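Asker: Residue 50 in my numbering sits at position 47 of the sequence shown; the count goes up by one each step and never skips.
Glycine is no exception: its CB is placed at the ideal position from the N, C-alpha and C atoms.
This structure is a prediction, so every number in the text was calculated from the model and none was measured.
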Amino acid sequence: MRVQLDHFEDNGWAVMILGRTTFDVPRDLLPADARPGDVFDVEFRKDERETGRLREENRRLLDELLRGGAEET
Numbered sequence: 004m005r006v007q008l009d010h011f012e013d014n015g016w017a018v019m020i021l022g023r024t025t026f027d028v029p030r031d032l033l034p035a036d037a038r039p040g041d042v043f044d045v046e047f048r049k050d051e052r053e054t055g056r057l058r059e060e061n062r063r064l065l066d067e068l069l070r071g072g073a074e075e076t
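#1: Check L8 in the structure and name its three-state DSSP category.
#2: How long is the line joining the alpha carbons of G71 and R52, rounded to whole angstroms?
#3: Does the Cβ-Cβ distance between V6 and F43 come in under 8 Å?
#4: Spatial neighbours of G22 within its chain, please: C-beta separation below 8 Å, excluding the five flanking residues on both sides.
#5: Could you give the distance in angstroms between the alpha-carbon of V28 and the alpha-carbon of L68?
#6: On the three-state DSSP scale, how would you describe L21?
#7: Quick check on the DSSP output: the beta strand (DSSP E) that includes D44 runs from which residue to which?
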């Protein structure tokens, strides 16, 4: 997928364009020499290990909430 850098906001965000949609990303994620008008290739890769870890952590936290508090040790 390709996105274009529209402009930088004063609060440290970069406004990106994808088709007719805009979205913000932290300016720090872009190369230091990025300029409005630059086009970037964006790729998403699923991280199976991290997905599993976070699912388990979320399940544990939900169980704690439903039981009314943290487990006693």
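Answerer: Judging by the given coordinates:
#1: strand
#2: 29 Å
#3: yes
#4: none
#5: 32 Å
#6: strand
#7: 42-44
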